Every structure is written in structure tokens, then in C-alpha cells.
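Undergrad: Numbering (the numbering used here), first residue to last: 19 to 502.
Glycine included, each C-beta is placed from N, C-alpha and C at the ideal position.
Note that this is a predicted model, so its numbers are computed, not measured.
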Amino acid sequence: MSDASKGLRLYNTLTRTKEDFFPIDPRNVRMYVCGPTVYDFAHIGNARPVIVFDVLFRLLRHLYGQAHVTYVRNITDVDDKINDRALRDFGAEIASGKLSLNEAIRRVTEKTADQFHKDVATLGCLEPTVEPRATEFVEPRADGKVDMISLIQRLIERGHAYVAAGEVLFDTASMPDYGQLSKRNLDEQQAGARVAVDPHKKSPGDFVLWKLSSPEEPGWDSPWGRGRPGWHIECSAMSAAYLGEVLDIHGGGLDLIFPHHENEIAQSRCAHGTEVMAKVWMHNGFLQVEGQKMSKSLGNFYSINELLETETFGGRMWPGEVLRLAMLMTHYREPIDFSVRKLEEAENTLRKWKRAADLAPAAAKQLPVEVVEALSDDLATYPAFQVLTQLAGEAADSNAAGAGNDAAASLKAALSFLGFDVAPAKVDEDAIARAIARRLELIAAKNWTQADRIRDELLAQGVQLKDGKDPTTGERATTWEVKR
Numbered sequence: 019m020s021d022a023s024k025g026l027r028l029y030n031t032l033t034r035t036k037e038d039f040f041p042i043d044p045r046n047v048r049m050y051v052c053g054p055t056v057y058d059f060a061h062i063g064n065a066r067p068v069i070v071f072d073v074l075f076r077l078l079r080h081l082y083g084q085a086h087v088t089y090v091r092n093i094t095d096v097d098d099k100i101n102d103r104a105l106r107d108f109g110a111e112i113a114s115g116k117l118s119l120n121e122a123i124r125r126v127t128e129k130t131a132d133q134f135h136k137d138v139a140t141l142g143c144l145e146p147t148v149e150p151r152a153t154e155f156v157e158p159r160a161d162g163k164v165d166m167i168s169l170i171q172r173l174i175e176r177g178h179a180y181v182a183a184g185e186v187l188f189d190t191a192s193m194p195d196y197g198q199l200s201k202r203n204l205d206e207q208q209a210g211a212r213v214a215v216d217p218h219k220k221s222p223g224d225f226v227l228w229k230l231s232s233p234e235e236p237g238w239d240s241p242w243g244r245g246r247p248g249w250h251i252e253c254s255a256m257s258a259a260y261l262g263e264v265l266d267i268h269g270g271g272l273d274l275i276f277p278h279h280e281n282e283i284a285q286s287r288c289a290h291g292t293e294v295m296a297k298v299w300m301h302n303g304f305l306q307v308e309g310q311k312m313s314k315s316l317g318n319f320y321s322i323n324e325l326l327e328t329e330t331f332g333g334r335m336w337p338g339e340v341l342r343l344a345m346l347m348t349h350y351r352e353p354i355d356f357s358v359r360k361l362e363e364a365e366n367t368l369r370k371w372k373r374a375a376d377l378a379p380a381a382a383k384q385l386p387v388e389v390v391e392a393l394s395d396d397l398a399t400y401p402a403f404q405v406l407t408q409l410a411g412e413a414a415d416s417n418a419a420g421a422g423n424d425a426a427a428s429l430k431a432a433l434s435f436l437g438f439d440v441a442p443a444k445v446d447e448d449a450i451a452r453a454i455a456r457r458l459e460l461i462a463a464k465n466w467t468q469a470d471r472i473r474d475e476l477l478a479q480g481v482q483l484k485d486g487k488d489p490t491t492g493e494r495a496t497t498w499e500v501k502r
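(1) To the nearest angstrom, report how far apart Ala211 and Lys219 are at their CA atoms.
(2) If distances are taken between C-alpha atoms only, which option among Ala131, Phe276, Val96 comes closest to Thr153?
(3) What residue range does the alpha helix (DSSP H) around Trp242 cover?
(4) Under DSSP, the alpha helix (DSSP H) around Val440 begins and ends at which residues?
(5) Ala255 bridges to which residues according to DSSP?
(6) With 16 as the cutoff for other CB atoms within 10 Å, does Lys487 come out buried or exposed?
(7) Can you name the start and end residues of the alpha helix (DSSP H) that Leu78 belongs to?
(8) Out of Glu111, Gly309, His86, Arg244, which has the shortest C-alpha to C-alpha gap to Asp355?
(9) Return the bridge partner residues of Gln306 from the DSSP annotation.
(10) Is the distance from the Cβ of Ala374 to the Cβ of Ala426 below 8 Å?
(11) When the distance is taken between beta carbons, is Val70 closer than 8 Å to Leu460?
(12) Tell me the rounded alpha-carbon separation between His301 and Arg91.
(13) Could you tell me the boundaries of the beta strand (DSSP E) in which Gly1 lies?
(14) What residue range is occupied by the uninterrupted alpha helix (DSSP H) comprising Phe134?
(15) Counting Cβ pairs closer than 8 Å, one from the stretch 276-284 and one from the stretch 245-254, do we hit at least three?
(16) Compare the beta carbon distance of Met49 and Ile267 with 8 Å and say whether it is the shorter of the two.
(17) Residues in the same chain with beta-carbon distance under 7 Å from Val390, minus the five sequence neighbours each way, listed in chain order, please.
(18) Please report how far the alpha carbon of Val68 lies from the alpha carbon of Asn323, in whole angstroms.
(19) So which of Val307, Glu157, Ile174 has the shortest CA-CA distance to Met256?
(20) Whether or not the stretch 459-478 and the stretch 411-424 are in contact is what I'm after, with contact meaning three or more pairs of Cβ atoms, one per stretch, closer than 8 Å; do they touch?
(21) Give a yes or no on whether the C-beta atoms belonging to Ala131 and Ile93 are separated by under 8 Å.
(22) When the Cα of Glu235 is compared with those of Gly142, Tyr196, Gly184, Leu119, which residue comes out closest?
(23) Report the residue from Arg202, Trp336, Ile167 whose alpha carbon sits nearest the alpha carbon of Trp238.
(24) DSSP puts His301 in a beta bridge; with which residues?
(25) Report the rounded CA-to-CA distance for Gly109 versus Leu326, giving the unit in angstroms.
(26) Exposed or buried, what is Gly437 when buried is set at 16 or more other beta-carbons lying within 10 Å of its beta-carbon?
(27) Measuring straight from C-alpha to C-alpha, what distance separates Thr348 and Pro489?
(28) Under the three-state reduction of DSSP, which class applies to Ile42: helix, strand or coil?
(29) Pick out whichever of Gln479, Ser394, Val440, Gln404 has its Cα sitting closest to the Cα of Tyr82.
(30) What is the rounded straight-line gap between the Cα of Ala209 and the Cα of Met193?
(31) For Asn30, tell me which candidate among His178, Ile450, Leu272 has the shortest Cα-Cα distance.
(32) Going along the chain, which unbroken runs of the alpha helix (DSSP H) with 4 or more residues stay wholly within the stretch 384-424?
(33) Using a Cβ-Cβ cut-off of 7 Å (strictly less than) and excluding sequence neighbours within five positions of Ala104, which residues of its own chain qualify?
(34) Alpha carbon to alpha carbon, what distance is there between Ala380 and Asp161?
(35) In angstroms with no decimal places, state the Cα-to-Cα distance between Leu361 and Ile275.
(36) When the Cα atoms are used, what is the spatial distance from Leu265 to Glu128?
This is the structure:
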């Protein structure tokens, strides 16, 4: 096995095969993942790629060294959906002159971006190396990094884009092998199928690079008039700005293959004259909720924040690391059915692992090689988790025998590596007392369901309740102890 590959194999959507991974430069492994469009709180479907590529980021840092991996995940803060949300939320203030549209947009994007950061941190995700915002890369920059307007101008000069009806459009016919990622060619493109049909286009598949803005819309000055960028050009500019013309890995959800990633490739390759934009393209599978497609019309559309902080799913709040494990229990390329049952399974599994890891001595232990080997096979989390379960069993056996507990230490190292909190449980005694008092009230009212919910929530936090009678008064009483 070549030292350059580190034994890492990844499924490449571009070739539809699993391949040995050889970075362009092992001293700077470069990965780009499409981030959120911050017009609303991120939903659980958005959480999946964030978690999946966080695991890959951690694995790459382990294999190549933390200083030798650059992970870029963007924030899209210019988009027509953002404009619409600003008008919806601040229309009265804009109409009265108290706020400009740009100020309203900034309020929307700052609030939703802050919430996104809070949510994904609760899911156990590391911060990316760089997190550029689209609005920072529209115009030419003082630092000379790639920007959208200059990239569009280059495409026009090279005969890959044209101006029509106030828009700049990419000429898909100018790229003979357009469609390699999605395996679609121009003859197979159907007008109206996720592409806008306009008479000023040379071909129905041509897509917008720049569009004009009305006086009421946000915009930037450009050679083609005051306007704003199309969606796809944003990622081409930001990835090139930090990772160069060709990067190692580009990731995102399966739904982005066409048209977004296909058009990113077209723009980037034609602007830079390269054979590929990224060596490896990785895509996570779709997410369903309780066996159905997630949609607001079905009432099964949940934000990450709702799952973390409200009781809208399964009648309770869910810890971030339980959501994380539930996402990782299914291989990233497979569709996932996100359900209460899956969350309960993840919670029980995580509780067993943590109880075993708590048996570890203070000394750190090296990450088990079996976990690294499993993840190095296209992020195969299932066999990696089998190793964790085996270590938990060995840790319990060693504890019972009064022997040293290397298994528990290895388990703790593996859990930490995978993004799970292994610090000793923090106990808020006042909060526990309030929860117990509330539970006793519910029991007195014969509300067994809600009483059991409180007991289960405390157990998920490592607090086990024991019901009995006060030896003095004879009244019902509850004691507790910390057990993962």
C-alpha cells in the first residue's frame, strides 16, 4: 500500500467507483462542502452532510495531520429566498423607511447563520478551516482572491458565456462533455426539468451567471449592469479562492448533483482550463422522516433546533450527540429513515458506550486502528461501531475482573475522535430536583406518560431515578444517582 494513499478509499460520484485516495498535495489536503443558504433555520436534512463530512474531516486530519487539511464550507447569504424572507419578516419596516432591504437581509442572514453555528456545534461538529460568505466574493477583492465578477468575465472572454436580456448565461453547448457528473448530455436535457425555459437562451440548459437587480433588490455594480450572481457561480469562486483551481474532495447532498454541482464543474473547468474541478466528488443519500419524504405539507418538516430544544418530535427534546449517532448509524451514501425508533436506538447505544468508557483510567489511549481502518473504507461507520460495541463489552469484563481497562480507554479515544462528548457528566442538582418534583406531580395526577418522559430524559443525561418511600414520613420519594 502506498504511503501517499494512507489506505483511504472513497466512492467517487464522478466515476461511480470506489477509489484509492491520493491527494494532490499530502501537505495540504483540500476539501470543499456546500454549506447552508441562510434564509431559515437548517433542517435535519441539512444536518446530514454537515455530520458526514465532519467525520471525513476528522479522519483526514488523523491520516495527514491537523495542519495539513483545509476544509472549506461556505455560507450562501445572497439568494432570492433570502430577499423574500427579509420582505416577509421586515416588510412593514422597509415600507416605512425604518429599514433598508439590505439591512433587513443582514438581520435575516446573521440570525440564521448564528443559529446554524449553534446547532451544528451541538451536533458535535468541528468548525471548518474557513467559512467564506458569498457576499464577500462578489466583487474583485483587495487580496486578489478569486471573485465572481472576474470569474464570469473570464468565461465570457473564453467563449463559454454570453450576455442576453440583461443576464449573463453559461453556454452549455460550448462544453462538449457537459454532464459528466450527473451522466446527462445536452440531448437528454428536458426543457423545464429543473432548468428555466427562456426565449433569450441559446439552449434550455444554459444557466444564469449574473442577473440584473431592480432598484428595490440587493445588487452590485458590474460590467453588465447592477445585479447579483447566480447560485452556482458562488461556490466556483469561493472554492477556487481558498483551495485553488483543482481540489481534492468536493462534497454535498445527493440532491446537489444536478444542477448545482454539474454547473459548478462547468464554470470552474471552463474558466480555468482544467480537466476536473475536484478529483473526488462525494454525496450523501436522501433523508426521509418516519418513512415519508420530509415536507412542510406533510407536517414532518423539522429544523435541527426544533429537535434539540422543543418536544415536537417524539414528544421530547433530543441531545445533539444522539442525533449525530442516529445519522451515522446508516452509511452516508444510503437513504436514511429518520425516526423516533432510530433515535431511541442511538440513545441506548450511546449510553452503553459511555458507561463503559467511564471505566477508563485518566491516561489517554491511542485511537484503535480497527476504527480507522473501517472509516478508511469509504466512511464505513457500521463496522466502526461494531468495534466500539466490542470494546464496551471488553471494558465491562475487565472491570468485573478488577483488571486494567485498556478497552475502556480505547473506547473513550474512539468516541472522542468520532465527535462524542466523553467528559464526566455535569450534574445540575437544582435542575434534577425540579424535574423530580414535576414528575411526582404528574404521578399524583396519574399522568404516567409525561412522568415516564421525565424519567427517560434524565436517564439520557446519565441520571437514574429510584422510587421508594421516605423512611420517616412514609410518603413516596425519589432518589437519584449518576449513571451514564
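TA: To lay it out plainly:
(1) Residue numbering aside, residue 211 sits at position 193 when the sequence shown is read from its first letter. Residue numbering aside, residue 219 sits at position 201 when the sequence shown is read from its first letter. Residue placement at Ala211 cannot be trusted, given a pLDDT of 46 that sits under 50; the coordinates are not used to answer.
(2) Within the sequence shown, residue 153 is the residue found at index 135, counting from 1. Checked all of Ala131, Phe276, Val96; the closest Cα to Thr153 is Val96.
(3) The residue given as residue 242 occupies position 224 in the sequence shown. No alpha helix (DSSP H) holds Trp242; DSSP gives it neither H nor E.
(4) Locating residue 440 in the sequence shown gives position 422, where the first residue counts as 1. Per DSSP, Val440 belongs to no alpha helix (DSSP H) and is neither H nor E.
(5) For the purposes of this step, residue 255 is taken as residue 237 along the sequence shown, with counting starting at 1. Ala255 pairs with nothing; no bridge assigned.
(6) For the purposes of this step, residue 487 is identified with residue 469 of the sequence shown, where counting begins at 1. Lys487 should be labelled exposed.
(7) To locate residue 78, count along the sequence shown from 1; it is residue 60. Its alpha helix (DSSP H) spans residues 62-82.
(8) Your numbering for residue 355 matches position 337 in the sequence shown. Cα-wise, what sits closest to Asp355 is Gly309.
(9) Here residue 306 refers to the residue found at position 288 when the sequence shown is read from its first residue. Answer is Lys311, Asp355.
(10) Numbered from its first residue, the sequence shown carries residue 374 at position 356. Numbered from its first residue, the sequence shown carries residue 426 at position 408. Contact flag set, yes.
(11) The residue given as residue 460 occupies position 442 in the sequence shown. The residue given as residue 70 occupies position 52 in the sequence shown. No, they are not a contact pair.
(12) Locating residue 301 in the sequence shown gives position 283, counting from the first residue. Locating residue 91 in the sequence shown gives position 73, counting from the first residue. Those two C-alpha atoms are separated by around 15 Å.
(13) There is simply no residue 1 to check, as the chain begins at 19 and stops at 502 in what is shown.
(14) For this step, residue 134 is matched to residue 116 along the sequence shown. Where Phe134 is concerned, the enclosing alpha helix (DSSP H) stretches over 119-140.
(15) yes
(16) Walking along the sequence shown from the start, residue 49 turns up at place 31. Walking along the sequence shown from the start, residue 267 turns up at place 249. Contact flag set, yes.
(17) Looking up residue 390 in the sequence shown gives position 372. Here the set comprises His80.
(18) The sequence position of residue 68 within the sequence shown is 50, counting from 1. The sequence position of residue 323 within the sequence shown is 305, counting from 1. Roughly 14 Å between the two C-alpha positions.
(19) Indexing the sequence shown from 1 puts residue 256 at position 238. Among Val307, Glu157, Ile174, the Cα nearest to that of Met256 belongs to Glu157.
(20) no
(21) Within the sequence shown, the letter at position 113 stands for residue 131. Within the sequence shown, the letter at position 75 stands for residue 93. Their beta carbons are under 8 Å apart, which means Ala131 touches Ile93 by this criterion.
(22) Taking the sequence shown and counting its residues from 1, one reaches residue 235 at position 217. It is Leu119 whose Cα lies nearest to the Cα of Glu235.
(23) For the purposes of this step, residue 238 is taken as residue 220 along the sequence shown, with counting starting at 1. The shortest C-alpha separation from Trp238 is found at Ile167.
(24) To locate residue 301, count along the sequence shown from 1; it is residue 283. His301 is bridged to Gly270.
(25) Within the sequence shown, the letter at position 91 stands for residue 109. Within the sequence shown, the letter at position 308 stands for residue 326. Approximately 30 Å between the Cα atoms of the pair.
(26) If you number the sequence shown from 1, residue 437 lands on position 419. Gly437 is buried by the Cβ-count criterion.
(27) On the sequence shown, residue 348 is found 330 positions in, with the first residue counted as 1. On the sequence shown, residue 489 is found 471 positions in, with the first residue counted as 1. About 49 Å.
(28) Residue mapping note: residue 42 aligns to position 24 of the sequence shown, counting from 1. Of the three classes helix, strand and coil, the one that applies to Ile42 here is coil, per DSSP.
(29) By 1-based counting over the sequence shown, the position of residue 82 is 64. It is Ser394.
(30) Walking along the sequence shown from the start, residue 209 turns up at place 191. Walking along the sequence shown from the start, residue 193 turns up at place 175. The pLDDT assigned to Ala209 is 42, lower than 50, so where the model puts this residue is not dependable; a value taken from the coordinates is nonetheless given after this. If you take the alpha carbons of Ala209 and Met193, they lie about 18 Å apart.
(31) Residue 30 sits at position 12 when you count from the first residue of the sequence shown. For the residues His178, Ile450, Leu272, the minimum Cα distance to Asn30 belongs to Leu272.
(32) 387-393, 399-418
(33) To locate residue 104, count along the sequence shown from 1; it is residue 86. Cβ neighbours of Ala104 beyond the five flanking positions: Leu119, Ala122, Ile123, Val126.
(34) Residue 161 sits at position 143 when you count from the first residue of the sequence shown. Residue 380 sits at position 362 when you count from the first residue of the sequence shown. Cα-Cα distance, rounded: 47 Å.
(35) Taking the sequence shown and counting its residues from 1, the one referred to as residue 361 is at position 343. Taking the sequence shown and counting its residues from 1, the one referred to as residue 275 is at position 257. Using only the alpha carbons, I get a separation of about 29 Å.
(36) As a working mapping, residue 265 is identified with position 247 in the sequence shown. As a working mapping, residue 128 is identified with position 110 in the sequence shown. About 29 Å.
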